Structure formats: C-alpha cells, structure tokens
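**Student:** Its first residue numbered 1, the sequence shown is counted upward by one per residue in UniProt numbering.
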Amino acid sequence: MMIAAWLAARTLWQWTLLAVSCGAVMALGQAPVDRPVPMLIALLVSFLLYRGAARAGRAGLVGFLIGFAYFILSLSWLTEPFQIDAARYGWMAPFALAGMAALLAAFWALAFALARRARAGVLGLALLWPLAELARGYLFTGFPWGMLPQGLLDTPAAQALAWVGPHGLMLVLCAGAAMMAQLMDRPLLVLPPAVAALASVLWPMTLPAPQMTPHLVRLVQPNAPQEEKFDPDSVPIFLNRMLNATEADPQPDLVVWPETAVPYLLEYAQPVFDQIAIAARGAPVVLGIQRRDLDWYYNSLVVVNADAEVTDIYDKHHLVPFGEYMPLTELAAKLGLRGLAEAAGGYGSGPGPRMIDLGDLGQALPLICYEAVFAQDVAAAPVRPAFLIQITNDAWFGQRAGPQQHLAQARMRAIEQGLPMARAANTGISAMIGPRGQILESLPLGVAGHVDAPLPVALNPTLYARTGDFPVLVLLLVGWGVLLARRISIDGLRRPT
Numbered sequence: 001m002m003i004a005a006w007l008a009a010r011t012l013w014q015w016t017l018l019a020v021s022c023g024a025v026m027a028l029g030q031a032p033v034d035r036p037v038p039m040l041i042a043l044l045v046s047f048l049l050y051r052g053a054a055r056a057g058r059a060g061l062v063g064f065l066i067g068f069a070y071f072i073l074s075l076s077w078l079t080e081p082f083q084i085d086a087a088r089y090g091w092m093a094p095f096a097l098a099g100m101a102a103l104l105a106a107f108w109a110l111a112f113a114l115a116r117r118a119r120a121g122v123l124g125l126a127l128l129w130p131l132a133e134l135a136r137g138y139l140f141t142g143f144p145w146g147m148l149p150q151g152l153l154d155t156p157a158a159q160a161l162a163w164v165g166p167h168g169l170m171l172v173l174c175a176g177a178a179m180m181a182q183l184m185d186r187p188l189l190v191l192p193p194a195v196a197a198l199a200s201v202l203w204p205m206t207l208p209a210p211q212m213t214p215h216l217v218r219l220v221q222p223n224a225p226q227e228e229k230f231d232p233d234s235v236p237i238f239l240n241r242m243l244n245a246t247e248a249d250p251q252p253d254l255v256v257w258p259e260t261a262v263p264y265l266l267e268y269a270q271p272v273f274d275q276i277a278i279a280a281r282g283a284p285v286v287l288g289i290q291r292r293d294l295d296w297y298y299n300s301l302v303v304v305n306a307d308a309e310v311t312d313i314y315d316k317h318h319l320v321p322f323g324e325y326m327p328l329t330e331l332a333a334k335l336g337l338r339g340l341a342e343a344a345g346g347y348g349s350g351p352g353p354r355m356i357d358l359g360d361l362g363q364a365l366p367l368i369c370y371e372a373v374f375a376q377d378v379a380a381a382p383v384r385p386a387f388l389i390q391i392t393n394d395a396w397f398g399q400r401a402g403p404q405q406h407l408a409q410a411r412m413r414a415i416e417q418g419l420p421m422a423r424a425a426n427t428g429i430s431a432m433i434g435p436r437g438q439i440l441e442s443l444p445l446g447v448a449g450h451v452d453a454p455l456p457v458a459l460n461p462t463l464y465a466r467t468g469d470f471p472v473l474v475l476l477l478v479g480w481g482v483l484l485a486r487r488i489s490i491d492g493l494r495r496p497t
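1) Return the residue from the list Leu455, Ala111, Ala279 and Phe112 that minimises the CA-CA distance to asparagine 244.
2) Tell me, which residues are paired with asparagine 299 by DSSP?
3) Could you spell out the range, first to last residue, of the beta strand (DSSP E) harbouring glycine 449?
4) Over the uninterrupted alpha helix (DSSP H) stretch that includes glutamate 133, give me the two end residues.
5) Could you have a look at glutamine 182 and say whether DSSP puts it in helix, strand or coil?
6) Smallest Cα separation from alanine 157: which of Gly348, Val37, Val304 and Leu443?
7) Classify glutamine 211: buried if its beta carbon has 16 or more other beta carbons within 10 angstroms, exposed otherwise.
8) Work out the CA separation of phenylalanine 387 and threonine 358 for me, nearest whole Å.
9) Taking 8 Å as the threshold (C-beta atoms), are glycine 437 and arginine 400 in contact?
10) When the Cα atoms are used, what is the spatial distance from lysine 316 to leucine 43?
11) Sort Phe374, Met179 and Gln83 by Cα distance to glutamate 133 and report the nearest one.
12) Per DSSP, which one or two residues make a beta bridge with serine 442?
13) Quick one: measure Cβ to Cβ for leucine 7 and glycine 52, integer angstroms, because I've assumed they're closer than 8 Å.
14) Kindly identify the DSSP beta-bridge partner or partners of phenylalanine 387.
15) Relative to the C-alpha of proline 420, which candidate in Gln275, Leu440 and Arg354 has its C-alpha closest?
16) Using the C-alpha atoms, what's the distance from leucine 128 back to alanine 431?
17) So what's arginine 413 in DSSP terms, helix, strand or just coil?
18) Nearest by alpha-carbon distance to alanine 126: which of Leu361, Val172, Arg88 and Asp233 is it?
19) In angstroms with no decimal places, state the Cα-to-Cα distance between aspartate 452 and proline 403.
20) Applying the 10 Å Cβ sphere with the 16-neighbour rule, what's the burial state of proline 204?
21) Would you mind sorting glycine 282 into buried or exposed? The rule is 16 or more other CB atoms within 10 Å of its CB.
22) Assuming leucine 48 contacts methionine 184 (C-beta within less than 8 Å), just tell me the rounded distance between them.
23) Do you know how far the Cα of alanine 465 is from the Cα of alanine 111?
24) Under a three-way DSSP split, which group does leucine 28 fall into?
25) Leaving out the 5 sequence neighbours to the left and right, which residues in its chain are closer than 7 Å to proline 435 when beta-carbon positions are compared?
26) Rounded to whole angstroms, what is the Cα-Cα separation between alanine 408 and glutamine 182?
27) May I ask you to list the residues that DSSP assigns as paired with isoleucine 313?
28) Quick one: what does DSSP say isoleucine 276 is sitting in, helix, strand or coil?
29) Check each candidate in Ala422, Glu371, Leu475 and Gly449 and name the one with the smallest Cα separation from asparagine 240.
30) Spatial neighbours of aspartate 274 within its chain, please: C-beta separation below 8 Å, excluding the five flanking residues on both sides.
31) Please report the Cβ distance between aspartate 295 and glycine 348, rounded to the nearest whole angstrom; I am assuming they are in contact, meaning their Cβ atoms lie under 8 Å.
32) Using 8 Å for Cβ pairs, my map puts methionine 180 next to proline 166. What's the rounded Cβ distance?
33) Below 7 Å CB to CB, which residues in the same chain sit around glutamate 342 once its five sequence neighbours on both sides are set aside?
34) Quick one: is arginine 291 buried, meaning 16 or more other Cβ sit within 10 Å of its Cβ, or exposed?
35) Just to check my reading of the structure: threonine 79 and alanine 93 have Cβ atoms closer than 8 Å, yes? What is that Cβ distance to the nearest angstrom?
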C-alpha cells in the first residue's frame with residue numbers, strides 16, 4: 001500500500017504528468033522503436049496508477065491520459081496522408097491525429113473508470129482493459145491498430161498468438177501486470193513473475209525453418225511516391241519497373257503486384273494486361289486495380305492469367321473510414337467543414353472475404369491494405385487457404401512508423417493462422433512471411449525492385465484459427481460477471497441488519 005499512499009498524495013498536475021509519461025513510454029514497444037521491456041514496465045505502472053486512484057473519475061482520467069499519450073505517439077503516421085495534398089488537407093492533420101487518439105483513449109478511460117466504480121481492484125482492470133481493446137477492434141468498423149501484443153512480435157511471447165490471438169495475449173499481459181501490481185509491496189513475491197515476464201521477451205528466439213513448397217513467388221515493389229503515382233508523365237516509368245521485374249529470370253510461379261498497381265480502371269486496362277501476360281511468361285499475376293459498376297468504384301485485386309484474361313476479381317470489403325469512404329458527410333457540410341464534405345463518395349464495399357484460385361499454388365485469401373489489420377477478417381475466410389496475399393500501398397503512410405507497423409500486423413495474422421503471407425507493397429516493405437511470422441525474404445522501404453521467395457507450407461490450423469475471439473470474449477464476460485457477483489455478495493454481508 002505504500003505506492004498507493006504515495007500516489008494519493010500527488011497533485012492533479014503530478015498525476016497528469018505521471019500518466020502522460022507512462023503512455024509515452026508504453027509507445028516505445030511499437031515500431032520503429034520496438035522496445036518491449038519499457039512497454040511492459042509502463043503497463044505495470046498503469047496498474048499502479050490505477051491502484052492509487054481513489055475515485056472512478058480520477059481512474060478514468062488516468063486511463064484517458066495514458067491512452068492519449070500512447071496513441072498520439074504510436075499513431076503519429078496518421079498525419080502523413082494529409083501531406084500528399086498539403087495545400088488542401090494539411091490543416092486537418094493535427095486534428096485527425098488528436099481526434100483519433102482521444103477516441104481510442106476513451107476506450108481505455110472507460111475500462112479504468114468502470115473497474116474503479118465497481119471497486120473491482122486490479123483484477124477488474126485486467127478484465128476490462130482487454131474487453132475495451134476487443135470493443136476497439138470491432139465497434140464503428142474497428143481500429144485495432146497498435147495493440148500492446150504488437151510490441152511483442154519479435155519475442156518468444158508472440159507465438160502465443162497462435163493459441164489465444166491478440167486479445168487473448170492482451171489478457172495475459174494485463175493479468176500478469178495486475179498480479180505484479182498487487183504484489184508490488186512484497187518484493188520477494190513479485191520477483192518470480194517479473195523474471196518470468198522478462199524471460200518471455202528477452203529469451204533468444206529461434207524459430208524452426210518452415211517447410212517449403214516447390215513454388216517460387218515474386219513480389220514486385222515499384223516504389224511509386226503517392227503524389228506521382230497517377231501523374232501521366234510518371235505512370236509509364238512505374239509500369240515499366242513492374243514489367244521489367246515481372247520478366248526477370250528465373251521464371252516465377254506467381255507474380256504479385258501491389259495495391260492499385262495499374263493506374264487505370266479495369267475496363268480500360270486490357271492493353272496493360274497484354275503486356276503483363278507477355279512479361280510473366282505463363283505465370284499468373286495478382287495485382288491491384290480500381291474498377292467500377294453502375295453504382296460504385298471498387299478497390300480491387302484481380303488475377304491475370306497467361307492469356308491476359310482476368311480470371312478472378314476480389315473487391316475490398318473493409319474500407320478505411322475518412323480514407324476510402326467518408327462517413328457523416330452531411331453533418332460535415334452542416335458544420336461548414338467543406339474539405340470533409342467535398343470528400344464524399346469514395347469506394348463501394350465488396351461482399352466480404354473470399355478465396356482466389358491460383359492453380360497449383362492452391363487457394364489464397366486476398367487482403368487489400370487495411371484488411372490485414374483485422375484478425376477477425378482473416379479468420380472469416382470461407383475455407384482454410386494455402387496462404388495469404390496482401391497487396392498494399394503504404395506510400396500513404398510515410399517512410400517510418402506506418403509501413404513498419406503495418407508489416408508487424410501482417411506478421412501477427414500469419415502467426416495467428418499458421419499461414420504464410422506473400423506481401424507486395426508499393427513503397428515497401430514487401431516480404432514473404434513464414435507461418436510463424438518470420439520474415440523470410442524482403443525488400444526495404446523506398447527501394448524499387450522485386451524479391452523472389454519460395455512459398456512456405458502452411459502449418460496445421462492453430463487453436464486461434466479454429467476458435468477466433470469468441471472464447472476470449474466469453475472468458476472476459478464471465479470473469480467480470482463473477483467479479484461483480486462476488487463484490488455484490490461482499491457488500492451485502494457488510495450492510496447492517
């Protein structure tokens with residue numbers, strides 16, 4: 001109780017400084033810094049701050065400030081898309097970042113406040129914080145970017161994703177931090193779990209080499225800056241880069257181009273497909289392109305065969321709010337936010353996850369850019385694929401945190417499902433990812449070229465691939481219900497008769 005007593009004596013400004021500093025240190029776990037130990041220490045400090053908050057309002061404020069600082073730093077790449085056309089949209093960047101950070105921090109604030117309101121102790125927070133993260137990943141189309149388990153990706157602990165998924169691993173982290181926070185005033189008791197936690201992230205990790213198929217996959221990276229991607233003078237340069245990479249020796253069994261690689265609508269792209277088929281010399285080519293029907297434009301992935309025919313089409317179904325479609329445009333117009341109102345329209349949403357047939361390579365689950373962020377979207381595949389394909393245009397996200405964090409989430413999906421992933425990114429990082437999340441071959445950011453990699457064999461379906469998030473949700477709800485029932489029972493016994 002000494003720590004709680006010390007915290008109780010702090011002023012509001014001191015609490016604010018402690019909470020903001022805690023969130024800032026916690027963000028060090030995310031790429032490009034990738035320091036899990038400070039992140040775990042900050043998680044423990046978060047529980048200590050919660051213990052010291054005597055009222056629900058103070059606890060909620062602490063949760064909000066921790067979350068706000070964490071998301072401001074870890075999501076700093078959100079300002080990058082607004083700089084593509086800075087004259088029109090640059091003014092929105094700080095408001096978008098601060099608004100998103102505040103929205104996501106509100107989930108954490110609610111968890112902290114409810115746990116204190118229910119007098120549920122650190123165990124209550126250990127249940128409500130993962131529940132808040134589950135809600136963040138699903139509500140309002142979801143935005144699970146930057147979860148704490150993402151910071152464990154290069155540690156042995158990350159392999160637990162195959163068993164419990166990201167939300168289950170979040171529960172494990174919170175339960176461990178809660179236990180250590182409860183024992184903090186007894187150093188001899190807190191030492192064993194602290195050593196175990198450090199060992200789980202610092203122990204040298206050696207993953208077994210994956211078994212390989214005989215198929216060679218070529219990932220093409222044109223490195224087209226977003227502001228030049230659709231410029232008429234630059235389009236031939238980027239197309240030629242991709243065609244030259246496609247026809248290079250040795251001949252691959254599959255070629256993957258990134259999102260919107262062909263800068264024409266599908267209905268006008270046949271001349272480009274003819275060139276692609278010649279360059280590919282019989283190999284199928286998966287590429288990103290836009291298409292339209294009577295009602296909508298779509299962000300799509302197509303398969304072009306040896307005869308320059310489109311044999312399969314997948315339309316992106318999980319769209320980026322404010323990026324690929326604009327919610328609340330009527331409200332924006334009424335409020336006088338002309339820049340937002342003018343952005344109305346965007347893409348139509350595809351029907352949902354579906355497979356594409358790639359012949360001898362088997363069926364693959366396509367993911368376009370943002371869709372790889374959602375574990376539930378990958379788990380929703382109608383049948384188990386042989387591998388995952390992600391095409392993306394990370395030129396929107398700059399050259400630092402955004403693309404690296406996006407790659408980290410792709411690696412998480414591979415571990416969760418026990419599936420390899422072929423990832424082609426416009427400006428990088430293109431990579432062949434093994435079924436345990438290891439990067440087997442890659443091209444760095446800002447490099448034009450291609451990388452060839454054998455396609456790994458998928459592992460047997462993981463426990464998480466079979467169950468998804470449902471068991472964790474049930475465990476969190478039942479645990480919270482038991483905790484509340486016990487609290488109500490204890491309160492009843494304490495009432496005078």
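Heads up, the beta-carbon is just placed ideally off N, CA and C, and yes, glycines get one too.
Computed from a predicted structure; not experimentally measured.
**Tutor:** Taking the structure as given:
1) Position 244 of the sequence shown, counted from the start, is the residue given in the question as residue 244. Cα-wise, what sits closest to asparagine 244 is Ala279.
2) In the sequence shown, counting from the first residue as 1, residue 299 sits at position 299. Answer by DSSP bridge pairing, in chain order: Gln290.
3) As a working note, residue 449 is residue 449 in the sequence shown. Residue range 449 to 456 is occupied by the beta strand (DSSP E) that includes glycine 449.
4) Taking the sequence shown and counting its residues from 1, one reaches residue 133 at position 133. 121 to 138 is the extent of the alpha helix (DSSP H) around glutamate 133.
5) Taking the first residue of the sequence shown as 1, we reach residue 182 at position 182. Shown here, glutamine 182 sits in a helix according to DSSP, grouped into three states.
6) Translated into positions along the sequence shown, residue 157 becomes position 157. Nearest option by C-alpha distance: Val37.
7) The residue given as residue 211 occupies position 211 in the sequence shown. Per the 10 Å Cβ criterion, exposed.
8) The count along the sequence shown starts at 1 and reaches residue 358 at position 358. The count along the sequence shown starts at 1 and reaches residue 387 at position 387. For clarity, residue 358 is leucine in the given sequence; the question names threonine instead. Near 11 Å, if we compare the C-alpha coordinates of phenylalanine 387 and leucine 358.
9) Position 400 of the sequence shown, counting from 1, holds the residue named residue 400. Position 437 of the sequence shown, counting from 1, holds the residue named residue 437. Their beta carbons are not under 8 Å apart, which means arginine 400 does not touch glycine 437 by this criterion.
10) Along the sequence shown, one-based indexing puts residue 316 at 316. Along the sequence shown, one-based indexing puts residue 43 at 43. Taking the straight line joining both Cα atoms gives about 35 Å.
11) On the sequence shown, residue 133 is found 133 positions in, with the first residue counted as 1. Of the candidates Phe374, Met179 and Gln83, the one whose C-alpha sits nearest the C-alpha of glutamate 133 is Phe374.
12) Translated into the one-based positions of the sequence shown, residue 442 becomes position 442. Paired residue(s): Ala431.
13) Sequence index remark: in the sequence shown, residue 7 carries index 7 (1-based). Sequence index remark: in the sequence shown, residue 52 carries index 52 (1-based). Yes, they are in contact, since the Cβ atoms of leucine 7 and glycine 52 sit about 3 Å apart, within 8 Å.
14) For this step, residue 387 is matched to residue 387 along the sequence shown. Answer by DSSP bridge pairing, in chain order: Ala364.
15) Counting from one through the sequence shown, the residue named residue 420 turns up at place 420. Selected option, being the one with the closest Cα: Leu440.
16) As a working note, residue 431 is residue 431 in the sequence shown. As a working note, residue 128 is residue 128 in the sequence shown. Alanine 431 and leucine 128: Cα-Cα distance of roughly 36 Å.
17) Translated into positions along the sequence shown, residue 413 becomes position 413. Residue state, collapsed to three classes: helix.
18) As a first step, residue 126 must be located in the sequence shown, where it is residue number 126. Ranking the options by Cα distance to alanine 126, first place goes to Val172.
19) Numbered from its first residue, the sequence shown carries residue 452 at position 452. Numbered from its first residue, the sequence shown carries residue 403 at position 403. Approximately 20 Å, taken between the alpha carbons.
20) One-based indexing of the sequence shown puts residue 204 at position 204. With fewer than 16 Cβ atoms within 10 Å of its Cβ, proline 204 is classed as exposed.
21) Numbered from 1 along the sequence shown, position 282 holds the residue referred to as residue 282. If you draw a 10 Å sphere on the C-beta of glycine 282, you find fewer than 16 other C-beta atoms in it, and that means exposed.
22) The sequence position of residue 48 within the sequence shown is 48, counting from 1. The sequence position of residue 184 within the sequence shown is 184, counting from 1. In this structure leucine 48 touches methionine 184 by the C-beta definition: roughly 7 Å separates them, less than 8 Å.
23) The sequence position of residue 111 within the sequence shown is 111, counting from 1. The sequence position of residue 465 within the sequence shown is 465, counting from 1. Roughly 28 Å separates the two Cα atoms.
24) In the sequence shown, the residue the question calls residue 28 occupies position 28. DSSP places leucine 28 in helix when its eight states are reduced to three.
25) By 1-based counting over the sequence shown, the position of residue 435 is 435. So the qualifying residues of the chain are Pro210, Ala414, Gly418, Leu419, Pro420, Pro456, Ala458 and Leu459.
26) As a working mapping, residue 408 is identified with position 408 in the sequence shown. As a working mapping, residue 182 is identified with position 182 in the sequence shown. In a straight line, the C-alpha of alanine 408 is about 32 Å away from that of glutamine 182.
27) Taking the first residue of the sequence shown as position 1, residue 313 is located at position 313. DSSP lists Val302 as partners of isoleucine 313.
28) The sequence position of residue 276 within the sequence shown is 276, counting from 1. Residue state, collapsed to three classes: helix.
29) Your numbering for residue 240 matches position 240 in the sequence shown. Of the listed residues, the one whose Cα sits closest to asparagine 240 is Gly449.
30) Here residue 274 is taken as the residue at index 274 of the sequence shown, counted from 1. The residues Ala308, in chain order, have a CB closer than 8 Å to that of aspartate 274 in the same chain once the five nearest residues on each side in sequence are set aside.
31) Along the sequence shown, one-based indexing puts residue 295 at 295. Along the sequence shown, one-based indexing puts residue 348 at 348. Contact holds; Cβ gap of about 7 Å.
32) Here the question's residue 180 lines up with position 180 in the sequence shown. Here the question's residue 166 lines up with position 166 in the sequence shown. That belief does not hold up - the Cβ atoms of methionine 180 and proline 166 are roughly 21 Å apart, past 8 Å.
33) As a first step, residue 342 must be located in the sequence shown, where it is residue number 342. Any reading at glutamate 342 needs caution, since the residue's pLDDT is 44, under 50, leaving its predicted position unreliable; the model's value is listed next. Result list for glutamate 342: empty, nothing under 7 Å.
34) Position 291 of the sequence shown holds residue 291. That one is buried.
35) Stepping through the sequence shown from its first residue, residue 79 is reached at position 79. Stepping through the sequence shown from its first residue, residue 93 is reached at position 93. Their Cβ separation, rounded to whole angstroms, is 4 Å, which keeps threonine 79 and alanine 93 in contact under 8 Å.
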